[in-house]
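Each remark here refers to the structure printed beneath this line.
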Amino acid sequence: MTNKLVLIDGNSIAYRAFFALPLLNNDKGVYTNAVYGFTTMLLRIIEEENPTHLLVAFDAGKTTFRHDTYKEYKGGREKTPSELSEQFPVLKELLEAFDIKHYQLENYEADDIIGTISNQANEKDWEVKVISGDKDLLQLVSDQVDVRLTKKGISDVMTYTPDTLKEDMEITPDQVIDLKALMGDKSDNIPGVPGVGQKTAVKLLKQFHTLEEIYEHLEDVSGKKLKEKLETHKDDAFMSKELVTINRTSPIEIAIEDTSYDGYTTDDVKHIFMELGFQSLLSRITGDDEEQPETNLSEIEYDKVEEITLDLFTGQDAMELEILNENYHQEAVIGIAVVNHKGKYLIPTELIGSSSVFKEWAEDETKEKYVFDAKKMTALLNRFSIQIKGITFDLLLASYLLNPSDNSHDIPAISHRFGQTEVQLDEEVYGKGAKKGVPEKEVWQEHLIRKTNLIFILKNQMQEKLEENKQLELLENLELPLAIVLGEMEAAGVKVDKQKLLNMGEELKDRLSKLEEEVYELAGESFNLNSPKQLGPILFEKLELPVIKKTKTGYSTSADVLEKLDGKHPIIEKILHYRQLKKLDSTYIAGLVKVIDEEEQKIHTRFNQALTQTGRLSSIDPNLQNIPIRIEEGRKIRQTFIPSEEGWKILAADYSQIELRVLAHIAGDEKLQNAFKEDKDIHTQTAMEVFHVTEDQVTADMRRQAKAVNFGIVYGISDYGLSQNLGISRKEAKTFIDRYLESYPAVKSYMKEIVQEAKQNGFVSTIMNRRRYLPDITSRNFNVRSFAERTAMNTPIQGSAADIIKLAMIELDKKLKEQGFQARLLLQVHDELILEVPGQELDDLSALVTEVMEDAMELSVPLKVDVAYGDTWYDAK
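To convert, take the position in the sequence shown, counting from 1, and add 974; that gives this note's numbering.
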């Protein structure tokens, strides 16, 4: 079998992947776009080439032996964005998971490593494939060595052999060095001969073959000016040749045999794909499911209840209601179990609705109940007209508070983590996907009993752990009461005007048709606007717009490409608007119509209370927090959210700049605190500081930029990130950040100190002791450590803001009930609470909501709330 060696220019491919793909994060916030792009190419290479040997070469540092010749070599290059440099250690971890050798050599570049290894392979008559985005490597092309150059991005690749090089560039591999010596290279700061471009250089090489021969026969060069340029810059030309020549005898410490590749171990790659969030790539690899902890199913005894009597309960009872799927608003309850120190009981569902004894016990606040997911329990029992009270422990919320980074918070998974393995995983009992279903009654009933028994067993152990962490109060005074409030909000639902929503859909379709016609008119022809294959040639061939990126199938017309072209032709704005409206119609209007309850005409979303690591709520089925409001058509969807009763209004109460106020409090920055105490516009204030201007000199654009700095600074935003957000140079962005930190020195100190605190403790906390563990804060991996540092800065701020609005919801719900208001809490969206209110309660309720929200937590700066109401959610602004 012929040996086939693949050599990859690691820096070049990672760099191209980074700029070809939008910034991506995994669920830990680690930047992954360069690693993702690199990985897709790597998988393709492994699948298509089936190499026997494989090596990824990296640059070792900024300084190489070429700097001895020319100090300005690669001078003037912009600093590598931290978002990219942070990904190189992760990329190397990924290569190790793939069992792929990677190598770098001090004082040399990846090109030199590739040149040296390919030279060794040439001598052994191996087949060699070089993958890069750097044209310098074309000098390695030979009968044994193909060089594959990425063009735009990483998916469009051109393979160069001696023949294709001749056809494409009209030169031989040996002449690549001479070509670059004449042309120079701005990206590497190689001077070449100024004024000599590729066309002129090729013409000279066709006539004289080499740089040396050009200068030996300088008198034969046609054109006086060209001759003068060559003569004047002879030293530069020969120096440039020296700089671009790849060293094929570098003192590498690996042999060609060290690059052997036998393939990867699926489990290793699967593990890192899951860690990085590369779900879409998992299907590209095969392997068995991850091993699960062994279960220990010893015999368990329980009683099947035929009649509910009060002596069944002890006042310290674990209870679980079993449903098959997650969406408990639609799922039937298939069984109920109660476990206490007296016994284990299986209660038929039909007894619940008919038993006054069960209702009496469930609604008795003095009877302690231990559950898994109090919110789910509240919503489910609401169907039976039971308002559950007395829940003093919630296994789900306890597990979430103890380890918010772990997403597997079902009873078996939690139990296994605590060493209790007497239960199978739900999917082992019910199956998964299309095969999911209810097994034989004895099977699911025993499973339900086992799970309920574990709630009872684990309660004390988890409470002790929470107490040790000073988090028991967070569970009992915040998360548990909130779960009941959220369960009642979910059960109540929010009414939607379905017909209005359908009408909006029709209006959008009309608007889409008109936009389509306008696009065709600007294009001068009709085509399938939803087809990138047809749109690409219109934009880049017919209208001659600059090509930003290419894909395997042609021109890229992705959103980031079109955004870069915006303003270059009126067709772009129309296409972008068309796509926004198309998404609105398919995702939001059609999506909302699908989940409206036909009988009530209401939507019952589910709030995720145990999901985010910051403590913020999110919602699902449908996600009401993501309705786009940046364009008017998106905002108008809120017009369909209406009160459920005649004469009522929708009221919205929104915290103003809560995270910045929390920052001012936590950091103790006097200047920032005074700005809020004096009710100044904080973005104008920051603009004055950053731009060194007076208040009357602050322009709208300055304020916009200051706002981006204000909200970006606590997220550890880099100069690169800010430059991308604002469309400015990195130098300007760095100046903004530096000036901000000079203006608010206590914020700068806070950012430094909180990172140190995280390194010392291994976690950071909110004002109410919500923890986020940061095991990576001392990682040697730069990328992983940098994300942990950004998280350390942000979590106490975002998490405390989340806790404040949760406290407000609990207190408001309590006051509404105590004071006999009919008004109901409907939704929580980011920093906003949405209620439905009878007309006669509007004034009193507006005052109450403002008071409760502004007094939710005492800070060193005032909390501020904006309240508005109207006939719809849209009008409440």
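All C-beta atoms, glycine included, are put in the ideal place defined by N, C-alpha and C.
Helix, strand or coil at residue i [DSSP, three-state]
i: residue 1267; result: The pLDDT assigned to residue 1267 is 47, lower than 50, so where the model puts this residue is not dependable; a value taken from the coordinates is nonetheless given after this. Reduced to three states, the DSSP call for residue 1267 is coil.
i: residue 1847; result: coil
i: residue 1711; result: helix
i: residue 1362; result: coil
i: residue 983; result: strand
i: residue 1118; result: coil
i: residue 1261; result: With a pLDDT of 44 at residue 1261, under the threshold of 50, the predicted position of this residue should be treated as unreliable, though the coordinate-derived value follows. Here residue 1261 sits in coil by DSSP.
i: residue 1742; result: coil
i: residue 978; result: strand
i: residue 1582; result: strand
i: residue 1836; result: coil
i: residue 1556; result: helix
i: residue 1311; result: strand
i: residue 1665; result: helix
i: residue 1006; result: coil
i: residue 1628; result: strand
i: residue 1241; result: helix
i: residue 1277; result: strand
i: residue 1192; result: helix
i: residue 991; result: helix
i: residue 1330; result: helix
i: residue 1295; result: strand
i: residue 1842; result: strand
i: residue 1616; result: strand
Segment limits, beta strand (DSSP E) that includes residue i
i: residue 1319; result: 1318 to 1321
i: residue 1133; result: 1131 to 1134
i: residue 1101; result: 1101 to 1106
i: residue 1803; result: 1798 to 1803
i: residue 1470; result: 1468 to 1470
i: residue 1593; result: 1592 to 1594
Identified DSSP bridge partners for residue i
i: residue 1302; result: Per DSSP, none; premise fails for residue 1302.
i: residue 1812; result: 1622
i: residue 1076; result: 1030
i: residue 1038; result: 1081
i: residue 1571; result: 1576
i: residue 1159; result: 1164
i: residue 1342; result: 1290
i: residue 1528; result: 1525
i: residue 1368; result: 1345
i: residue 1123; result: 1106 and 1132
Rounded Cβ spacing between residue i and residue j (contact assumed at less than 8 Å)
i: residue 1029; j: residue 978; result: Not quite, the Cβ-Cβ distance comes to about 12 Å (not below 8 Å), so this is no contact.
i: residue 1565; j: residue 1776; result: Contact doesn't hold; Cβ gap of about 26 Å is too wide.
i: residue 1440; j: residue 1372; result: 6 Å
i: residue 1543; j: residue 1517; result: 6 Å
i: residue 1596; j: residue 1567; result: At roughly 10 Å, the Cβ-Cβ gap does not stay under 8 Å, so residue 1596 and residue 1567 are not in contact.
i: residue 1318; j: residue 1385; result: Actually they are not in contact, since the Cβ atoms of residue 1318 and residue 1385 sit about 15 Å apart, beyond 8 Å.
i: residue 1640; j: residue 1751; result: Not a contact, Cβ separation roughly 18 Å.
i: residue 1130; j: residue 1531; result: No, residue 1130 and residue 1531 are not in contact; Cβ-Cβ is about 14 Å, not under 8 Å.
i: residue 1118; j: residue 1101; result: 6 Å
i: residue 1643; j: residue 1729; result: Actually they do not touch by this definition, with Cβ atoms about 17 Å apart.
i: residue 1823; j: residue 1841; result: 6 Å
i: residue 1558; j: residue 1482; result: 6 Å
Closest Cα partner of residue i within the set the options
i: residue 1428; options: 1447, 1398, 1549 and 996; result: 1398
i: residue 1304; options: 1584, 1021 and 1578; result: 1578
i: residue 1779; options: 1722, 1633 and 976; result: 1633
i: residue 1789; options: 1804, 1765 and 1818; result: 1818
i: residue 1325; options: 1521, 1308, 1023 and 1163; result: 1308
i: residue 1610; options: 1585, 1555 and 1310; result: 1555
i: residue 1820; options: 1661, 1624, 1727 and 1758; result: 1624
i: residue 992; options: 1014, 976, 1137 and 981; result: 1014
Host alpha helix (DSSP H) of residue i (start-end)
i: residue 1728; result: 1719 to 1735
i: residue 1424; result: 1415 to 1442
i: residue 1687; result: 1674 to 1687
i: residue 1388; result: 1385 to 1391
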